[in-house]
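K.L.:
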Amino acid sequence: MNARNTAKFDKKRNIVAITKEIKRLEKSNVALSITVPKEDVRAQYNKMLNDYTKSLQIPGFRKGKVPKEVLERKFSEALKGDALGRIVESTLKDIFDNTKDDKLSRNERPLPYSTPQLQEEDLTLDLEQDLCFSVVYDVLPEIKIGQWKGLNVEYPYAEAGEEDIGRELEEIRERNAVVMDRDDGAAARKGDVVTIDYQVLDPIEEGAQMPLSRKDLAFTLDGKNVFKFDDSIIGMKKGQTKDIDHKFSDDFYDASHAGVTRKMQITLTAVKEKKLPQLDDDLAQDVDEKFNTLDDLKNNIREKLTKNLETRLREKKLSVLLGKIMENTPVTLPEAMIKTEVEGRIRRIARYYNTNEDIIMQMTGEDKMNEMREASQKALHSRLIIETLMEEHNIDVTDDEVEKEIENVASINNTDIAEVRKYYDSEQAMIYLREDIKEKKIIDLMLAENNLKPGKKENYLVYMTDNG
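For the sequence shown, our numbering gives the first residue as 10, with consecutive numbering after it.
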């Protein structure tokens with residue numbers, strides 16, 4: 010598919026406008042071929058030359074009094090090279106920023122993270138010839154939505170039971186636990202909170218992420234700490250030191266230790282125990298004064314789990330539906346688009362674990378990276394389908410819908426509505442809000458236009474935490 014555009018004489022710039030031609034390549038690439046007429050080339054060169062004569066100072070001439078002929082004689086090739094760069098840059102800027110009727114379409118503009126690459130390695134400027142050059146860049150993929158309604162889709166579901174309520178109650182007990190010192194002669198046991206000093210005795214190559222020695226490392230002996238020191242510490246007493254051969258887990262965050270056995274020295278400096286509160290009315294009242302009894306707390310937990318389940322159920326329905334639509338809607342994603350999505354996921358993981366991206370990359374093996382790449386492609390494919398359907402159906406948002414959504418946000422976050430309105434006073438925040446509402450509307454339409462019925466029942470915890 011080619012698109013050709015020949016602009017007319019541009020009176021504002023008093024020069025002949027450029028000619029451009031777009032050719033679609035593989036993998037959502039395009040080649041933009043541009044011809045800048047020699048009149049335009051000469052005009053931009055002369056303007057640059059005039060600017061230099063006003064600012065340069067050359068021995069034998071006063072500043073701003075250097076004749077153009079002298080400049081061209083002394084710096085001919087450098088001037089042409091400078092002018093060439095300026096013309097190419099200003100031409101591309103004019104094309105990509107153009108807001109006139111001859112502007113590029115949404116699917117012809119470069120993606121924000123795709124820098125147009127000049128194709129001519131030996132491009133030169135000839136003031137007596139038109140300047141012809143081309144750039145290649147990634148664009149938004151073209152997508153034609155296949156069958157998206159009238160589909161028969163089964164979705165997985167789950168229910169919140171007493172087991173799930175009990176798990177929430179145990180987490181509340183853990184958060185309200187009191188930590189107390191054990192007797193000095195007490196041996197550390199499973200569930201205790203311990204503090205240790207450690208030192209790696211083996212010589213370690215440079216670049217290790219984990220500190221080779223550390224003091225006052227505190228954690229619970231519950232098998233969940235990243236170091237997995239539990240078996241070596243259980244049975245030790247406060248003040249005791251011992252040398253161990255410790256094998257780090259294969260998925261340990263520091264690649265220089267992962268799966269490797271190290272000689273280490275450990276000193277146990279503190280042993281504490283958790284005193285969990287009784288599961289009774291007193292605990293409920295400690296959690297929130299609005300609860301009078303334990304049953305009140307349980308009912309609140311049940312409502313919260315049910316509400317979370319409703320949100321997750323909608324996500325699951327949409328996910329399986331989009332999977333069906335994707336089968337009918339092939340798309341070729343540009344590599345830069347996939348790469349940017351993967352990098353964004355790695356950044357979010359690094360922020361979550363409060364570490365840097367290099368560590369996450371070291372922890373993520375080839376198989377996991379391939380999984381992340383596939384998930385990124387699926388997410389981008391889904392996003393394109395939703396955005397295309399929004400555009401095709403001219404989804405719009407009314408002021409009343411905006412106000413209703415602001416009230417909803419205030420209610421969910423238990424925030425004063427005036428504060429929420431204040432937040433959305435900024436133009437950018439309001440744009441995001443309207444886009445969110447538009448997306449909800451098209452998703453409502455997609456769910457309503459298809460035959461969705463419950464399929465396999467899943468465990469509540471798995472249902473709420475998996476990435477499917």
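Where is the CB? At the ideal position from N, CA and C, for every residue including glycine.
What distance in whole Å lies between the Cβ atoms of residue 245 and residue 195, which are believed to be in contact at a cut-off of 8 Å?
P.N.:
Actually they do not touch by this definition, with Cβ atoms about 10 Å apart.
K.L.:
Secondary structure at residue 257, three-state DSSP: helix, strand or coil?
P.N.:
The DSSP-derived three-state label of residue 257 is coil.
K.L.:
Using a threshold of 8 Å, state whether the C-beta atoms of residue 344 and residue 355 are closer than that.
P.N.:
no
K.L.:
May I ask which residues mark the beginning and end of the beta strand (DSSP E) holding residue 271?
P.N.:
Element bounds for residue 271: 270-284.
K.L.:
Just tell me which of 45, 394 and 311 has its CA closest to the CA of residue 338.
P.N.:
Residue 394 holds the alpha-carbon nearest to the alpha-carbon of residue 338 among 45, 394 and 311.
K.L.:
Do you know whose CA, among 362, 147, 350 and 442, lies nearest residue 235's CA?
P.N.:
From the listed residues 362, 147, 350 and 442, the smallest Cα separation to residue 235 is found for 362.
K.L.:
Which term fits residue 146, buried or exposed, when burial requires 16 or more other beta carbons within 10 angstroms of its beta carbon?
P.N.:
buried
K.L.:
Can you check which of these residues, 64, 124 and 134, is closest to residue 349 by C-alpha distance?
P.N.:
124
K.L.:
Tell me the rounded alpha-carbon separation between residue 27 and residue 46.
P.N.:
6 Å
K.L.:
For residue 459 and residue 453, what's the separation of their Cα atoms in angstroms?
P.N.:
Approximately 10 Å, taken between the alpha carbons.
K.L.:
In whole angstroms, give me the CA-to-CA distance for residue 222 and residue 449.
P.N.:
51 Å
K.L.:
Have a look at residue 167 and residue 258 and give me their C-alpha separation to the nearest angstrom.
P.N.:
33 Å
K.L.:
Do you know whose CA, among 413, 331 and 364, lies nearest residue 159's CA?
P.N.:
331
K.L.:
May I have the straight-line CA-CA distance separating residue 171 from residue 165, to the nearest angstrom?
P.N.:
20 Å
K.L.:
For the candidate residues 169, 260, 418 and 475, whose alpha-carbon lies nearest to that of residue 373?
P.N.:
Of the listed residues, the one whose Cα sits closest to residue 373 is 260.
K.L.:
Nearest-angstrom Cα distance between residue 276 and residue 219?
P.N.:
18 Å
K.L.:
Enumerated in chain order, which unbroken segments of the alpha helix (DSSP H) with a length of 4 residues or greater are wholly contained in the segment 278-340?
P.N.:
290-296 and 303-337
K.L.:
So the alpha helix (DSSP H) residue 381 belongs to, where does it begin and stop?
P.N.:
If you look at residue 381, you'll find it in the alpha helix (DSSP H) that goes 375-401.
K.L.:
Could you name each continuous beta strand (DSSP E) segment of 3 residues or more that falls completely within the segment 37-89, going from the start of the chain to the end?
P.N.:
38-45
K.L.:
Is the segment 137-154 touching the segment 180-187 in the sense that three or more CB pairs, one from each, lie closer than 8 Å?
P.N.:
no
K.L.:
According to DSSP, is residue 439 part of a helix, a strand, or is it coil?
P.N.:
helix
K.L.:
Please report the straight-line C-alpha distance between residue 33 and residue 472, rounded to a whole angstrom.
P.N.:
43 Å
K.L.:
Just the Cα atoms here: how many angstroms apart are residue 341 and residue 35?
P.N.:
8 Å
K.L.:
Which first and last residues belong to the beta strand (DSSP E) in which residue 223 is found?
P.N.:
222-229
K.L.:
Taking 7 Å as the limit between beta carbons, can you name the residues of its chain near residue 326, skipping five residues before and five after?
P.N.:
For residue 326, same chain residues with a beta-carbon under 7 Å away, outside a window of 5 residues either side, are 164, 456 and 461 in chain order.
K.L.:
Within the same chain, show all residues whose beta-carbon is closer than 6 Å to that of residue 44, passing over the 5 residues directly before and after it, in chain order.
P.N.:
28, 139 and 141
K.L.:
Helix, strand or coil for residue 420, going by three-state DSSP, please let me know.
P.N.:
helix
K.L.:
Just to confirm the assignment, what range does the beta strand (DSSP E) spanning residue 123 have?
P.N.:
Looking at the DSSP string, residue 123 is not in any beta strand (DSSP E), and its letter there is neither H nor E.
K.L.:
Whose C-alpha, out of 410, 52, 323 and 238, is nearest the C-alpha of residue 96?
P.N.:
52
K.L.:
Sort out for me which residues DSSP pairs residue 161 with in a bridge.
P.N.:
460
K.L.:
If you follow the beta strand (DSSP E) that residue 144 is in, where does it begin and where does it stop?
P.N.:
140-147
K.L.:
DSSP three-state label for residue 110, please.
P.N.:
Confidence at residue 110 is low in this model, with a pLDDT of 48, below 50, so the placement of that residue is unreliable and no value is reported for it.
K.L.:
Output the boundary residues of the beta strand (DSSP E) element that contains residue 30.
P.N.:
Residue 30: member of the beta strand (DSSP E) spanning 28-33, first to last residue.
K.L.:
Using the three-state DSSP reduction, which class does residue 351 fall into: helix, strand or coil?
P.N.:
helix
K.L.:
Thinking residue 209 and residue 271 are a contact (beta carbons under 8 Å), I'd like their distance in whole angstroms, please.
P.N.:
6 Å
K.L.:
What are the residues that DSSP puts in a beta bridge with residue 196?
P.N.:
246
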